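Its first residue numbered 0, the sequence shown is counted upward by one per residue in numbering that gives the first Met the number 0.
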Amino acid sequence: MKRDPGMKMRRVIYLRRLSQLFVIALLIVVPAVTMNSFEWSPSRIVLGHLPPPTIRNISGDTWVFTIGGFRFVHPIAFMDGILSARVIYIPYLLGLIIPLFITIVLGRVFCSWLCPVGFILELNQRTNTLLKRMGLNHELRLPDIRYPLLSVMLLLSFILSTPVVSVIDPPHMLGRELMYLFTHHSVSLTGVSILSGIILFEGLSTSRAWCSSLCPSGGGLSILGAKRVLRIGMERQLCTRCGRCDERCPYNLEPMRLLEDEPGFDWIKCDNCGLCRDVCPTGAIKYMFRRR
0 MKRDPGMKMR RVIYLRRLSQ LFVIALLIVV PAVTMNSFEW SPSRIVLGHL PPPTIRNISG
60 DTWVFTIGGF RFVHPIAFMD GILSARVIYI PYLLGLIIPL FITIVLGRVF CSWLCPVGFI
120 LELNQRTNTL LKRMGLNHEL RLPDIRYPLL SVMLLLSFIL STPVVSVIDP PHMLGRELMY
180 LFTHHSVSLT GVSILSGIIL FEGLSTSRAW CSSLCPSGGG LSILGAKRVL RIGMERQLCT
240 RCGRCDERCP YNLEPMRLLE DEPGFDWIKC DNCGLCRDVC PTGAIKYMFR RR
C-alpha cells in the first residue's frame, strides 16, 4: 500500500514541537517581563519591603497559569491544593474546567504536547542512544510506580497540610527555577540537582523512564484520560506489519497490538504523541474517535 502523498506534510511531531517550544518560551518570557529583579531582591523581602503588585495580568507556569484574571489549573495541582489546604478555592475550581476537559477528551496530552521536562527528555533520547552504541548505557526495567507514588504524595499533602506533589513535580520545579532566576538571580541547588539527576539517569540508563514509570502527576493524568475520546487507531487493510511503530513508541507499548481483535494495548500509558503515526509508511495509524 502506498502512503498518501500529502501525509509527510502533516507529521504530528512538528505541531508538538511548536507547542512545546511555545511553553518553554512562556516559562522564560513571563518571569522576565513581569518581575522587577531589584524589587524582588532577597534582602528587601527579608526586611519586609515587599514589591507592589505587578500591573501585568499574566503569571505562573505549567502548574497554575493566570492570564487576564483567569486561571488554568493542572488537574493534579488542584487535587494537591485542596488536600493540603482542606478547602476548595472556587477560582481554582473554575480554572480546572478546561484542563480537565482536555485531559478527559484527549488523554494525557499535557505530557506529550506541553510538558517542558518531557520535551527535554525527548531530546535527551539522542544522548541515551549514543551512549548505548558506545556501551556506556545500562538499561533497567522499572516497574510502573506512578499511581502508588501519587497516592502516597497526596496522602502526605493531606496529613502535612503541604502540597507535596507541587514541591517535587519536575515541570513545576522548572518553572519555579526560572522564576527564581529572574527574581533572585540564582537557582536552588535542590531543584537543579533533581532535574539534572533525572536527565542524567535517563541518559545513562532507561530512556523515558521518568515519564513512563515514575512521574506522579503524569500517572494522575493517565488515570483521568484513560477513557479518552480521541486516540490512535489502526486501519488494518493498510498495515504491512513492518513493525516501525513498535520501534518508535517511546514507552514500548507495541502499537502493532492494535491489529488484534482484543488488543492488549496499554491505553492508559499512551500520551497521544503520534510518533507511531508519523513513522507508519502506509498511513495505517491515525487518530480516531473511540468506538463506544
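Positions of the beta carbon are idealized from the N, C-alpha and C atoms, including for glycine. Computed from a predicted model, the values in this text were never measured in an experiment.
- The C-alpha of LEU199 lies about 10 Å from the C-alpha of ILE193.
- Of all alpha-carbon atoms in ARG240, LEU257, ILE231 and GLU246, the one lying nearest the alpha-carbon of PHE288 is that of ILE231.
- The straight-line gap separating the alpha-carbon atoms of ARG70 and THR281 is approximately 42 Å.
- Annotated as distal: SER221 and LYS285, with beta-carbon spacing of 8 Å or more.
- If only uninterrupted alpha helix (DSSP H) runs of at least 4 residues are considered, those enclosed by the stretch 76 to 141 are 89 to 105 and 115 to 132.
- Exposure of GLU259 is indicated by the presence of fewer than 16 other C-beta atoms within 10 angstroms of its C-beta.
- Taking all protein chains in view, the Cβ of ILE75 is crowded by 16 or more other Cβ atoms within 10 Å, so the residue is classified as buried.
- Taking a cut-off of 8 Å for Cβ pairs, the stretch 170 to 180 and the stretch 231 to 245 do not touch, as fewer than three such pairs fall below it.
- Under a 10 Å Cβ-count criterion, SER212 is classified as buried, with 16 or more other Cβ atoms of the shown protein chains found around its own Cβ.
- If only uninterrupted alpha helix (DSSP H) runs of at least 4 residues are considered, those enclosed by the stretch 167 to 208 are 169 to 183 and 188 to 203.
- ARG230 carries a strand assignment under DSSP once its states are collapsed to helix, strand and coil.
- For THR61 against LEU113, the beta-carbon gap comes to about 6 Å, under 8 Å, which counts as contact.
- The Cβ atoms of TYR91 and PHE77 sit closer than 8 Å to each other.
- Going by DSSP, ILE12 is part of the alpha helix (DSSP H) stretching over 11 to 33.
- Assignment of PHE157 by DSSP, reduced to helix, strand and coil, places it in the helix class.
- When the beta-carbon positions are compared, ASN136 and LEU203 come within less than 8 Å of each other.
- The alpha-carbon separation between PRO115 and ARG207 amounts to approximately 14 Å.
- Between the alpha carbons of LEU95 and HIS73 lies a distance of about 7 Å.
- Between VAL108 and ASN251, the C-beta gap is not smaller than 8 Å, which leaves the two residues out of contact.
- Around the Cβ of THR205, a 10 Å sphere holds 16 or more other Cβ atoms; the residue is buried.
- Exposure of ILE89 is indicated by the presence of fewer than 16 other C-beta atoms within 10 angstroms of its C-beta.
- ARG9 counts as exposed, since fewer than 16 other C-beta atoms from the protein chains shown sit within 10 angstroms of its C-beta.
- Its Cα nearest to that of PHE264, the residue MET233 stands out among LEU154, PHE181, ALA283 and MET233.
- Of the residues assessed, ARG125 falls on the exposed side of the cut-off, its CB having fewer than 16 other CB atoms within 10 angstroms.
- Here the C-alpha atom of GLU246 lies approximately 29 Å from the C-alpha atom of PRO147.
- For VAL186, same chain residues with a beta-carbon under 8 Å away, outside a window of 5 residues either side, are GLU176, TYR179 and LEU180 in chain order.
- For ILE267, there is no enclosing alpha helix (DSSP H), since its DSSP letter is neither H nor E.
- Sequence-distant Cβ neighbours of SER156 in its own chain, meaning closer than 7 Å and more than five residues away, are ASP79, LEU82, SER83, PRO162, VAL163 and VAL164.
- Checking the DSSP bridge columns, you'll see TYR286 partnered with ILE231.
- The residue among LEU188, THR65 and VAL104 with its C-alpha nearest the C-alpha of LEU93 is THR65.
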